[in-house]
Amino acid sequence: MDSHPPLTTADVPPKFLKSAFLVGHIPLKALSVDPRVSYSLFVTPEHYNPNPASPLHTLPLIPLLIVVHGTSRRTSQLLSKLVAFAHSQRCAVLCPMFPAVLSSRTLRSDVAVLGMLEEVAQRWPGIDARKVFMMGFSGGGQFVHRFLYLNPERLQAVSVGAPGRVTRLDETLSWPAGVKDVEEKFEKKIDKEKIMAVRNIQLVVGSEDNEVHGGKDFWAWRDEMNDTSRPKKIGKSSGGDGMETMRMGRLETLQKLQESWRVDGIEAQLDIIPGVAHNSEGVLDAVLDFLRPLIIEVHRRKE
1 MDSHPPLTTA DVPPKFLKSA FLVGHIPLKA LSVDPRVSYS LFVTPEHYNP NPASPLHTLP
61 LIPLLIVVHG TSRRTSQLLS KLVAFAHSQR CAVLCPMFPA VLSSRTLRSD VAVLGMLEEV
121 AQRWPGIDAR KVFMMGFSGG GQFVHRFLYL NPERLQAVSV GAPGRVTRLD ETLSWPAGVK
181 DVEEKFEKKI DKEKIMAVRN IQLVVGSEDN EVHGGKDFWA WRDEMNDTSR PKKIGKSSGG
241 DGMETMRMGR LETLQKLQES WRVDGIEAQL DIIPGVAHNS EGVLDAVLDF LRPLIIEVHR
301 RKE
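Sequential numbering from 1 applies to the sequence shown in UniProt numbering.
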């Protein structure tokens, strides 16, 4: 096993950082602690401090925005759409890539992201990876709000975009419908006080995004198939394939999630974008408008 420490931006002369793929567009890289998962980065060269420990480099740490892909896994497109935002707001952008159709007790996407943050903090010391901004649409929105439940202390702000299914803070329902068995599954408890401490939470969805994916007939067929093939694995809220049944449109889903959070003292703004169906580009401006002043405030506090 290679015992050499990873190359960091502090080890490389600034003029060679781009050639070493340590600033600008950084290609997909396997996560050291779990090569099944990868991530790509965009680091703005003009705002990045390669070695904050050196008196020769005086730029402040830049914030990190994590954008989580949906089922299509179009990570390169997601990253490219945020390059201009990264330049204007002086932030880095990280995009995880999770494997498809792979289930394992040792594969936890939230733990993988925490591993990415640890790796980024080591290799890119000019990025502030202690508390991050996070956004995700569709399947990405499902991940983001569940990461909020399990790791709220690592988040500055979150944008939850149009998830098809959500987890409620309901202690009578098992995961992923509720949080009854969270401690058993994840070896940690839900801390509602810490979730409440994340003051900036956006729920965003298009006004026309209220159709059930695949239609109700699809879900009836899926449930019937699972009842026939794997009856012992089926719970009240999910099929034997591990996919929770989608029973309502995404607009209604987020409205109900906001209401349930409010009962628990968790405030979230719900932005409904007129005329938009299930389209990440259709809500992107609203997401960036939500994040922009929050990132500006982080910079202001460092000045």
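Don't be surprised by glycine CBs; every beta carbon is placed ideally from N, CA and C. These numbers come from a predicted model, not from an experiment.
Minimum Cβ-Cβ distance from residue i to chain C less than 9 angstroms
i	result
D110	Protein chain content of the structure displayed is limited to a single chain, and chain C is not contained in it.
Residue burial classification, residue i (beta-carbon count within 10 angstroms, cutoff 16)
i	result
V113	buried
K233	The predicted position of K233 is uncertain, since its pLDDT is 36 and thus under 50; a value taken from the coordinates is nonetheless stated next. Answer is exposed; the Cβ neighbour count stays below 16.
Q202	buried
T75	buried
P163	buried
W221	exposed
V263	exposed
M225	exposed
L56	exposed
F290	buried
P125	buried
Q77	exposed
S72	exposed
P35	exposed
F21	exposed
D209	buried
P176	buried
P274	exposed
P96	buried
P50	buried
S159	buried
Length of the line joining the Cα atoms of residue i and residue j
i	j	result
A84	K180	42 angstroms
D11	L254	46 angstroms
A30	F42	16 angstroms
M1	S32	Any answer about M1 is weak, because its pLDDT of 46 lies below 50 and its placement is not dependable; what the coordinates show is given next. Cα to Cα, M1 sits roughly 12 angstroms from S32.
E267	K15	46 angstroms
E119	E259	37 angstroms
A53	L59	11 angstroms
H87	S38	23 angstroms
P231	R123	Confidence in P231 is poor, its pLDDT being 42 and thus under 50, which makes the residue's placement too unreliable to answer from.
E303	I296	11 angstroms
H278	G161	10 angstroms
G139	S280	11 angstroms
G136	L61	24 angstroms
V298	P63	8 angstroms
M196	G265	7 angstroms
G240	V276	Unreliable placement is indicated for G240, whose pLDDT of 37 sits below 50; the coordinate value is still reported in the next sentence. Answer to the nearest angstrom: the Cα atoms are 33 angstroms apart.
E171	M248	21 angstroms
F143	V68	8 angstroms
R168	K192	12 angstroms
E183	K18	43 angstroms
P27	K194	34 angstroms
R165	L7	40 angstroms
E252	R146	18 angstroms
L155	A129	10 angstroms
V111	N151	10 angstroms
residue 304	W261	Since the first residue shown for the chain is 1 and the last is 303, residue 304 is missing from the structure and cannot be characterised.
Q269	H4	46 angstroms
V212	R250	8 angstroms
A121	L294	21 angstroms
L94	L65	6 angstroms
Run of the beta strand (DSSP E) containing residue i, from where it starts to where it stops
i	result
G24	G24 to L31
V205	I201 to G206
V276	Segment: none, V276 is in no beta strand (DSSP E) and carries neither H nor E.
Y39	D34 to V43
A157	L155 to G161
M135	I127 to F137
Beta-bridge pairing of residue i - partner residues as DSSP gives them
i	result
A92	L64
M225	Paired residue(s): none; M225 is not in a bridge.
Q269	Q202
M97	S38
Endpoints, the alpha helix (DSSP H) within which residue i is located
i	result
V166	Careful: V166 lies outside any alpha helix (DSSP H) and carries neither H nor E.
M116	S109 to R123
L79	T75 to S80
K18	From DSSP, K18 is part of no alpha helix (DSSP H); its letter is neither H nor E.
W261	R250 to V263
V182	V182 to F186
K192	K192 to M196
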